[in-house]
Every structure is written in structure tokens, then in C-alpha cells.
RNA sequence: GGAGAGGUCGCAUAGCUGGUCUAGUGCGCACGCCUGGAAAGUGUGUAAACCGCAAGGUUUCGAGGGUUCGAAUCCCUCCCUCUCCGCCA
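This is the structure in C-alpha cells:
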């Protein structure tokens with residue numbers, strides 16, 4: 026959420042920002058109009074209340090005084106009702122304002138305008154036609170798509186045998202690697218309340234994307250970002266930075282993506298992810314984004330998977346983010362790079378919503394900066410390994426760093 | 001799920017026969033005195049949000065309603081925590 030004061034003082038920048046994100050700036054005008062009306066009533070009401078408080082002398086009030094206080098109180102009551110209505114409306118509008126973009130976010134329309142920042146590794150040259158991961162996974166009896174569908178529906182998959190073991194190995198490998206570089210491991214609830222979803226920005230705007238337990242007013246998390254960032258909601262944190270790594274399953278309805286990536290593990294309603302979350306001092310957050318992104322990249326490098334890093338342009342950056350890098354891994358069967366991690370600096374946007382603050386050097390309380398990034402999406406990593414490590418006969422070589430976990434170096438048909 | 005107790009400015013607590021609460025006290029923390037240095041002792045200060053250039057003002061005592069001229073204090077609803085019982089991985 027943008028601070029009301031910031032919106033007032035930087036109206037044009039906010040308007041420009043909404044345009045760059047290809048949003049409609051009308052909501053800004055609606056907000057501004059309401060805000061100035063609100064402030065008039067606020068001032069008046071506070072003066073009335075100050076009067077009332079002055080009237081509060083010791084002893085019993087005379088009938089005359091009582092009469093005065095009564096009418097004053099009536100005014101205050103009706104004004105308070107007006108104020109409450111204003112506040113609710115203002116919040117409702119402000120909650121759907123997107124975050125301000127970083128100055129170095131390129132202006133662009135969509136994913137085609139995302140610049141490539143770096144490329145690592147060289148896609149392997151196959152002397153045969155590489156198979157897709159779903160075909161490989163099924164033939165090696167690692168993935169069972171049909172039974173996943175039987176159990177739950179489309180976009181649900183069952184992992185078996187070496188598939189299940191590799192998924193587990195990847196989770197452990199990622200958690201251990203990040204633990205070693207200063208991220209504290211946390212294990213959180215996978216179902217959270219509305220306040221948590223609002224704190225990180227999933228609500229109110231993206232309700233459609235969430236699985237909801239109506240009876241209990243709880244939501245299944247779409248990413249570990251939600252529980253981990255909300256760990257310190259409504260708190261003034263004592264030390265910064267704090268860095269966490271967390272494994273969770275993620276649940277997404279994928280509304281509106283019918284027909285996209287219907288085959289394979291790429292787009293699932295339930296998938297595993299190891300997430301990095303950083304609580305940072307404002308002045309350090311951009312440097313933190315670089316190091317967090319490198320942490321995510323290190324996993325791909327240890328797995329020896331070719332990838333590239335792109336920066337999202339203004340039209341493609343997520344609602345809550347101020348600056349985002351995506352990591353994309355090479356998929357031989359598709360002949361292209363596909364997203365496997367997204368690393369974002371949210372600036373103070375989430376911290377303001379979630380009321381996570383710290384005391385700066387001047388002892389002033391101010392919102393912190395939050396960041397997070399996938400380190401990595403496990404299902405997509407498994408898919409990328411199958412495709413990049415396949416052999417002509419359909420066997421899969423096991424990446425070196427996973428051999429200790431799996432105790433084998435090649436996966437083949439029985 | 002049943003019975004009871006409780007949710008107060010970091011932590012712990014007082015306040016709960018409505019105005020003096022602009023929320024007291026202890027611990028912790030910060031700064032100072034004392035000390036060769038430290039501990040102890042001692043003094044002062046220490047919640048947040050909003051409006052305002054400032055002076056200052058307003059709000060917040062789990063959340064939301066209500067009674068009242070006025071509520072941390074009374075009433076209602078809800079949420080959560082703890083103890084005991086029941087059930088259960």
C-alpha cells in the first residue's frame with residue numbers, strides 16, 4: 026500500500042506509475058477527491074473533540090453544561106460515522122494501487138519487452154530429438170498424470186518412485202544450500218487467514234487465484250511468501266536484516282490460464298517451492314535483491330542447468346513489486362527458456378500493509394523493506410532436470426549434487 | 001466439542017463501585033551521576049497511528065457493536081490464549 030501522504034505529495038508520479046503498468050489512473054482521481062473531502066471533515070471533527078475534552082471538568086456538570094455537551098456529542102457522532110465511511114472507501118481504493126516501480130525498471134508493454142540481464146551455461150546440443158519431461162517422467166514411472174487427475178482433477182500430478190525421491194531430494198538440497206549461506210529455515214502453516222493474505226497483497230485484488238476454506242475463512246497459501254513475510258506482521262522488529270528459507274507446497278487456482286501449459290509439471294494447482302524471504306533495512310534492499318537473486322541462481326548453477334536472468338519491464342512487474350528479476354531455465358523439448366524463479370524487492374509496500382517496522386538510526390519507527398524469491402520452484406526444477414539430463418535411450422543422468430541424496434547416478438526403466 | 005480463567009503502551013502487571021487514566025508500577029532498554037573499570041546504587045527518559053511548517057490536536061486498553069453528555073471501566077456479539085475434561089494423528 027502506498028502511504029496516503031506519499032500519494033498526496035507525489036500525485037503525478039503515482040499517476041505515471043499506474044500508466045506505466047498499463048493500469049487505469051481514474052482510481053487515483055477518485056481517491057484524491059475523497060481524500061480532500063475526508064480531511065476537511067477530519068479537521069472539523071478533531072476540533073469538536075478537543076472542545077469536548079476541554080469540557081471535562083471535575084465534579085458534576087450543571088444542567089446547562091450537560092445540554093451543551095449533548096449537542097456537541099451529537100455532532101461528533103455523526104461526523105465520526107462520516108469519517109469511518111470515508112476511511113473505508115479510501116482504503117478500498119488505495120489497496121488496489123500498485124506499488125511504485127524502481128527507477129531502473131524499463132518501461133515496456135509485456136514480457137516481450139523484458140531485457141535479458143545475463144545468460145549462464147550453454148544449452149546442450151542433442152544428437153537426437155529431446156523428449157518432453159512429461160513423456161520421460163511417465164515412461165520412467167516417475168510421474169503419473171492420469172491418476173493425479175483421477176484423484177483431484179486436471180493440473181494435479183502424482184509423483185512415484187524416483188520422481189517422488191527426486192522431488193524430496195531437491196527440497197532438501199535447496200534448503201541445505203540456502204541454510205549454509207545464512208538463511209534461517211522456517212516451517213509454517215500452509216493455511217492462513219485473511220489478514221495474512223492482505224498483508225502481502227494477494228487480497229483483495231487476487232481473490233480469484235486462491236483456494237479458500239469458506240467454513241473457516243482461511244486460505245491455502247499460493248507461496249511461502251505469505252506466511253513467512255507475515256511472521257512479523259504488526260511488529261516492530263529488533264534487528265535487520267532477517268533472512269529466511271522455507272519449503273512449502275503452493276496452491277493456485279490458475280484461473281484464466283485454461284489451455285496454457287496443460288501438459289506436464291509446468292503449471293500445477295499444487296506444487297512445491299523453496300522460497301527465500303528477506304526483511305531488510307530500506308537502504309540495503311536493492312543490494313539484497315542482487316544477493317537474493319544470486320542465491321537462487323546458485324541452485325541452478327550447482328545443478329548445471331543453463332539459465333538466463335531477465336528483468337521484468339513496467340508492464341510485466343507484479344502488483345506488489347517495485348523491481349523484479351525472473352530466472353528462466355532452458356527446456357530442450359520446447360527450445361526455450363521458462364520461468365523457474367521470480368525475485369522481487371517489494372520496497373515498503375508489503376511492510377506498510379502488514380505493519381512491519383523497525384527503528385532506524387534516528388530511533389524513528391519506519392516500515393522495513395521486504396523481498397522474496399523462489400529458490401527454486403521444485404516441480405519445474407525436476408522437469409528441467411529430466412529434459413536436460415536425458416539420454417537417447419530415455420535414461421536420466423542424475424546431476425552430481427543430487428547423487429548423494431539419491432544414491433544413484435542414473436535413472437532408467439526397470 | 002464441554003467447563004472455567006483471561007486478553008491493558010517490548011515483557012510482567014495495576015486499574016474494572018464510569019469523569020482525577022493526558023493509562024500507574026516493576027523489569028527491560030537509553031542517557032547521565034557514582035566507579036580505576038564494572039556490578040550494585042541513583043537520577044532522567046522510554047507505546048504506536050493520524051492531522052499540522054510548528055505550537056499543538058485527535059485516536060488506540062483483543063475486534064466489532066451498544067448504553068451514556070462522557071467507557072480500559074457497564075451491556076451484547078465475535079476472535080484468540082491458558083487450565084481441566086472429552087475426542088484424535
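Numbering (the numbering used here), first residue to last: 26 to 439. Note that beta-carbon positions come from the ideal geometry of N, C-alpha and C, so glycine has one too.
Under three-state DSSP, which class holds residue 351? Against the first chain, residue 351 aligns to sequence position 326. It is a strand residue.
In chain order, what are the residue ranges of uninterrupted alpha helix (DSSP H) at least 4 long that sit wholly in the region 147-197? 158-164, 170-176
Rounded to whole angstroms, what's the CA-CA distance from residue 36 to residue 29? Just pull it up for me. Stepping through the first chain from its first residue, residue 36 is reached at position 11. Stepping through the first chain from its first residue, residue 29 is reached at position 4. Whole-angstrom Cα-Cα distance: 10 Å.
Tell me which same chain residues have a C-beta within less than 6 Å of the C-beta of residue 100, skipping the five on either side of it? In the first chain, the residue the question calls residue 100 occupies position 75. Around residue 100: 73.
Euclidean distance between Cα positions of residue 14 and residue 291: Residue 14 cannot be examined here, being either before or after the span of the chain that is shown, 26 to 439.
Going by CA-CA distance only, name the one from 344, 264, 271, 160 that's closest to residue 252. What you label residue 252 is simply residue 227 of the first chain in a count that begins at 1. Minimum Cα distance to residue 252 is reached at 271.
Can you tell me the Cβ-Cβ gap for residue 26 and residue 377, rounded? I've got them flagged as a contact below 8 Å. On the first chain, residue 26 is found 1 positions in, with the first residue counted as 1. On the first chain, residue 377 is found 352 positions in, with the first residue counted as 1. Rounded, the Cβ-Cβ distance is 5 Å, consistent with contact.
Is residue 440 helix, strand or coil by DSSP? Outside the modelled stretch of the chain, which goes from 26 to 439, sits residue 440, for which no answer is possible.
Touch test, the region 368-385 against the region 223-233, Cβ-Cβ under 8 Å, three pairs minimum: yes
Flag this pair as yes or no: are the beta carbons of residue 401 and residue 365 separated by less than 8 Å? The residue labelled residue 401 in the question sits at position 376 within the first chain. The residue labelled residue 365 in the question sits at position 340 within the first chain. Yes, these two residues count as a Cβ contact at 8 Å.
Taking just the CA atoms, how far does residue 408 sit from residue 58? For the purposes of this step, residue 58 is taken as the residue at position 33 of the first chain. For the purposes of this step, residue 408 is taken as the residue at position 383 of the first chain. Near 51 Å, if we compare the C-alpha coordinates of residue 408 and residue 58.
Three-state secondary structure (DSSP) of residue 421: Here residue 421 is taken as the residue at index 396 of the first chain, counted from 1. Strand, per DSSP.
Alpha-carbon spacing of residue 234 relative to residue 277, whole angstroms: Taking the first chain and counting its residues from 1, the one referred to as residue 234 is at position 209. Taking the first chain and counting its residues from 1, the one referred to as residue 277 is at position 252. So the alpha carbons of these two residues sit roughly 6 Å apart.
Please name the residue in 169, 54, 239, 393 whose C-alpha comes closest to that of residue 305. For this step, residue 305 is matched to residue 280 along the first chain. Ranking 169, 54, 239, 393 by Cα distance to residue 305 puts 393 first.
Short Cβ contact (8 Å threshold) for residue 337 with residue 351: Here residue 337 refers to the residue found at position 312 of the first chain. Here residue 351 refers to the residue found at position 326 of the first chain. It is a contact, given that the beta carbons lie within the stated cut-off.
Please give me, in chain order, every unbroken run of the beta strand (DSSP E) with length at least 3 that falls completely inside the region 327-381. 332-336, 348-356, 361-370
How many angstroms separate the CA atom of residue 389 from the CA atom of residue 322? Mapped onto the first chain, residue 389 falls at position 364. Mapped onto the first chain, residue 322 falls at position 297. Whole-angstrom Cα-Cα distance: 36 Å.
Inter-stretch contact (C-beta, 8 Å, three-pair minimum) for the region 339-355 and the region 121-141: yes
In the structure shown, what three-state DSSP assignment does residue 221 receive? In the first chain, residue 221 corresponds to position 196, counting from 1. Of the three classes helix, strand and coil, the one that applies to residue 221 here is helix, per DSSP.
Residue 398 and residue 325 - do their beta-carbons sit closer together than 8 Å? Here residue 325 refers to the residue found at position 300 when the first chain is read from its first residue. Here residue 398 refers to the residue found at position 373 when the first chain is read from its first residue. Their beta carbons are not under 8 Å apart, which means residue 325 does not touch residue 398 by this criterion.
For residue 158, which residues of its own chain have a beta-carbon under 6 Å away from its beta-carbon, when the five flanking residues on both sides are left out? For the purposes of this step, residue 158 is taken as the residue at position 133 of the first chain. Contacts found: 289, 408, 411, 412.
Kindly indicate which residue of 184, 71, 136, 335 has the alpha-carbon position closest to the one of residue 103. By 1-based counting over the first chain, the position of residue 103 is 78. Here the closest residue by C-alpha is 71.
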